[in-house]
Amino acid sequence: MLKTLAAAVLALGLATAAQAADWPKGPVQLLVPAKAGGGSDLMARIFADYLHSKIRVPVVVVNQPAGGGTLAYETVRNARPDGQTLLFTHTGLLVNAHTGRYAHPVSDFTTIAIGQSYPPQVLAVAPDAPWTDLKDFIRDARAHPDRYSFGVSLGGTSHFIAGQIMDAEDVKLKLVEAASEVDKVVALQGGNIDIGNLSAGAAAQYVQAGKLKVLAMIDRDPDPAYPAFVPAVQQGVNVTWLAPLVLWGPKGMDPALVTRINGIVAGMAEDPATRERLAKMSSRFAPLDVAQSRQLVDEEDAKIARLAARLGLGRE
Amino acid sequence: MQRIDQLTSLVLVAVGLIVIAMTSRITYTSFTDDPGPRLFPYLGAAVLILSGLSIFVKACRDKPGSAIPVDRALMLRGAMLFALMGLYALAMKLVGFYPATPVAVFALYWMIAGASRRLWRGIVLGLATTLFIYLLFTLGLQSYLPEASLF
Amino acid sequence: MIHAFIDLVHPLTFVIILGASILGVILGAIPGLSGGLGVALLLPVTFGMEAATGLAMLVAIWVGGVSGAMVGSILLGIPGSPSAIATCFDGYPMTRKGQAVKALGAAITASFLGTFFSILIAAWLSPIIADLALKLGPWEYFSLGFCAIALVASLSRDNVGKGMAAAALGLLAACVGFAPIDGTARFSFGNMYLSSGFDLIAMMLGLFALKQIVMDFARGTRAVQKVEARNISGFGVTLQEFRDNAWNLVRSFGIGIWIGFLPGMGAALSNMVAYAQAKSASKHPEKFGKGCIDGVFASEVSNNASVGGSVIPMIALGIPGDGTTAILLGGLMIHGIQPGPLLFTNNPEIVYTVFATALLSAVMVLVVQFFGMRLFPAILKVPYHYLYPPIVVLSFVGVFVNTGGAYIFAMLLGFAALGILMDLVKLPISPFILAFILGPMLESNLRKGFTYSTDGAWAFLTRPISAGLLAIAVFSILWPYLKPLLIRRRLSHG
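Protein chains in written order, with the numbering used here: chain A, 102 to 417; chain B, 223 to 373; chain C, 84 to 577.
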């Protein structure tokens, strides 16, 4: 009896080890909850190209924008946990889970690795706005509650960024809808909103052309490409938003396999072709091991959960 | 057309009323001055009901015409082709794109060609269509096509 | 500009642009596929190319796609993409009258004129007119969209009620899924697939392609049409026809470039609005829909003029004029070129490449189609049992490639059934589709209009452009009802 059990355990152990070594067993599907041609899709294709160059099997990017990403999440969550079906997306998954748009928490997935980051974001205002930095704006906003409007995608990531400012600095802003970067640029210049977040790259040009003014960078660390933009944290305003892309698999993946895939992803830091592509899109990559990746996702998840409750966006 | 128009207008008004009833049950969290997600469906339903009523009034003024000439044979043929397309969709979901397509093209050809059908022509058409899709989508555009969910 | 042209004359680039233009025409002509889809799918291919070459390839596919979409519309009555829906209205009846070559000739020349001149205007005037886009707020966008729907709904002159009913159904169809702004799920019954709403491509293919195939089969095999391909010189269009349509061409061009220029609206909208305007301004509106060349001119000039229109804000401001320009902007970013107001200053060579490629590609498409025009009608000699099965397959593949899920097949078949039903009760399809396309944009601008202004809904009426557009909309809906009253009064007074 004991012998059989031992044999079974051994066989199981061998099977999992074999699973890690076997991977990939054919084309890997990388699900992206966004349309072909957009920013998330491009990021995924850079990642897929890199993965393909390492594992030598096709890595197929499958775009499933349906249901605000829900379809892609569900496809991966219900897939066999063999590493053949993976999800590549940003922390929008966590936002959707905490606002009730998606019914499953992140614990229903296996966090495998953190990929590259999205380009840095800044907070911008109209060129003739009276404020010189974020601190200045916040002082004014605190004196005049509900006067200044922040253009956000309500219920989306930017809503949480605005919520973080209101939460950390105890100010009241009027949150209005301006979801896409285009909407924000147009509304800021047209004077329809007072402040909004957009990517540093686009903002730099508008600043140079005298069409916008940047108050602060939202990322924690300054970016050498944009020396003029000072991070909010350095101004004493406790606002940071990470937008890392995360590689997720279905729940219950073999730890050996997870470690192996994580190791391959980490190699992206040493791959010159990929680094060059990322640099062109002002995206960065810093390798994190499995434990670090999970810690980062858990921290973000806790932060988003807290903000969702504060903003009244929590699910019923 | 009179009878059909009257019937259509009643259906449209009914749809409008159902939409209003469903819209009133939508729950949402509201922000500042936003009128919320109910406004627009109400607006659409109102336009639908008003235009439904205008169709009804116009239909009543029109000279009474004959009822719809229901051609059973015609409807049966339409339903058959429609069902075949439904089967094709189902087959793609179950066995994937590549096994389902040549068979489906053959079946569609067989049904549409009627008396002039030839076995070989159908087979060639099925295979040629599949090859074309393979060259354009799988090889050229590298896109992902339905895969089997059965195995 | 000259330099950009010289670069393009480099044999390899030239071949790439030619190939890409032809691919665009093919993708555009196939129901369910479009140049936009081609641009999205081939974007990753440009990773490995030089920025200018990659961009030239994408622009050429786009230009080819918009021009090619009319082939399906004219020959089969099935639009290749939403930008050529209005081309069906008169293009297909012309084919049934045996004038397929003439219709194609009109569409090809109109397409060329639209693209070529709109790009020229964009090249010269971009920096000057681009700032106009910043002057318009949500109020103007809402009123403009509403006005467009009213104009197209009032096309069904004998029964405006039916046009408006179809538009209302389209607006309600657009409500299915997550609402804009707050993301509340509406009318989705907890279904994951419905929560993202209906797909435009599935709707168009269901309502046009599959519906028509089912109806044709039900009514019995149709006779193969006769085509008068002989005795046609040049483009098959007489100079007199151009002269008669001079004003129509100018107006449709203006509508196309203006709608293309506005962010978020493009060729899918402009073709229907230009057609509606051509019909209501025509001296013989009764001929429209029965194979009138004016309708083909209006639709094809305007949808191609939208190409140049949407390039203006893209180049001058980094703002996409429509879905395809949004992808082109992504194409710039993968090469480290940041779109924005300084694109002209920082990367003039890229800007000129876009313009030069678009012009060159427009000429290539003209030449290719000029020769193709005599071959295209050969499709008409093919019996339907060879033609329809591949079209069914392409429709299914087209919707799948757009969304990546097999659930979309149910949507496609559902819209085919709806199309048949709407046909039987004579509800027009174009206001339905147009309202569906504009629905989300209308709703978010309506609600933004409330939140952005301090005086709520009044802003829609106090802002002059917005008020003017709303007045046109109301007038065009009520006119058919008011006209008989006015005539009666005049009669009783006289």
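Just so it is clear, CB atoms sit at the ideal spot from N, CA and C, and this is done for glycine as well.
Computed from a predicted structure; not experimentally measured.
Counted as a single uninterrupted DSSP element, the stretch harbouring proline 472 of chain C is not any beta strand (DSSP E) but the alpha helix (DSSP H) occupying residues 467 to 486. If you keep only unbroken alpha helix (DSSP H) runs of at least 4 residues inside the segment 124 to 164 of chain A, you get 140 to 156. The DSSP-derived three-state label of tryptophan 349 of chain A is strand.
For threonine 211 of chain A, the enclosing beta strand (DSSP E) covers residues 210 to 218. For threonine 190 of chain A, the enclosing beta strand (DSSP E) begins and ends at 186 to 190. Contact annotation for serine 273 of chain B against chain C: Ala236, Val243, Gly244, Lys245, Gly246, Met247, Ala248, Ala249, Ala250 and Ala251 [CB-CB distance below 9 Å, chain order]. Closer than 8 Å to the CB of leucine 379 of chain A there is not a single CB belonging to chain B. Counting only the Cα atoms, glutamate 133 of chain C lies some 41 Å from phenylalanine 325 of chain C.
Here the alpha carbons of valine 384 of chain C and serine 201 of chain C stand approximately 10 Å from one another. Asparagine 387 of chain C counts as buried, since at least 16 other C-beta atoms from the protein chains shown sit within 10 angstroms of its C-beta. Relative to the Cα of leucine 525 of chain C, the nearest Cα in the group C:Ser559, C:Glu223 and C:His367 belongs to C:Glu223. Closer than 8 Å to the CB of proline 511 of chain C there is not a single CB belonging to chain B. Of all residues in the segment 287 to 310 of chain A, only Val287, Ala288, Gln290, Gly291, Asn293, Ile294, Gly302, Ala303, Ala305, Gln306, Tyr307, Gln309 and Ala310 place a beta-carbon less than 8 Å from a beta-carbon of chain C. In this structure serine 156 of chain C does not touch threonine 198 of chain C by the C-beta definition: roughly 17 Å separates them, more than the 8 Å allowed.
For serine 164 of chain C, the three-state secondary structure derived from DSSP is coil.
The beta carbon of phenylalanine 251 of chain A sits closer than 6 Å to the beta carbons of Ala263, Leu274, Leu276 and Ile296 from its chain, once the five residues preceding and following it are set aside; these are given in chain order. Beta-bridge analysis with DSSP links phenylalanine 261 of chain C to C:Ala268. Shown here for glycine 353 of chain A: same chain residues with a beta carbon closer than 6 Å to its own, the five before and five after excluded, namely Pro182 in chain order. Identification of chain A residues near arginine 269 of chain C by a Cβ-Cβ cut-off of 8 Å yields none; the smallest Cβ-Cβ distance measures about 13 Å.
A residue is called buried once 16 or more other Cβ atoms fall within 10 Å of its Cβ, and tryptophan 342 of chain B, having fewer, is exposed. Just so you know, the alpha carbons of alanine 439 of chain C and leucine 208 of chain C end up roughly 15 Å apart.
The three-state secondary structure of leucine 415 of chain C, taken from DSSP, is helix.
Sixteen is the threshold: when 16 or more other Cβ atoms of the shown chains lie within 10 Å of the Cβ of histidine 468 of chain C, as they do, the residue is buried. In summary, glutamine 130 of chain A is buried, with 16 or more beta-carbon neighbours lying within 10 Å of its beta-carbon over all protein chains present. In the same chain as serine 371 of chain B, and ignoring 5 residues on each side of it, the C-beta atoms closer than 7 Å to its own belong to Lys315 and Leu316, in chain order.
Ranked by how close their Cα comes to the Cα of proline 324 of chain B, the residues B:Arg340, B:Phe354 and B:Arg247 have B:Phe354 in first place.
Taking a C-beta distance under 8 Å as the contact criterion, glycine 137 of chain C and glycine 419 of chain C do not qualify as a contact pair.
Inter-segment contact for the segment 269 to 276 of chain B and the segment 245 to 255 of chain C is present: three or more beta-carbon pairs are separated by less than 8 Å.
For phenylalanine 251 of chain A, the enclosing beta strand (DSSP E) has its first and last residue at 250 to 253.
Serine 383 of chain A and proline 472 of chain C have their alpha carbons spaced roughly 47 Å apart. Just measuring C-alpha positions, the residue of C:Ile555, C:Ile520 and C:Ser559 sitting nearest alanine 256 of chain C is C:Ile520. The beta carbon of glycine 392 of chain C lies closer than 7 Å to those of Ser201, Gly339, Ile340, Trp341, Ile342, Gly343, Phe344 and Gly404 in the same chain, with the five residues before and after it left out.
A distance of 8 Å or more separates the beta carbons of alanine 550 of chain C and cysteine 230 of chain C.
In terms of CA proximity to alanine 337 of chain B, C:Pro466 leads the group C:Met298, C:Phe427, C:Lys531 and C:Pro466. With respect to glycine 102 of chain C, glycine 121 of chain C sits apart: the two C-beta atoms are not nearer than 8 Å.
Of all residues in the segment 146 to 168 of chain A, those with a C-beta nearer than 9 Å to a C-beta of chain B are Pro159, Val161, Val162, Val163 and Asn164, reading in chain order.
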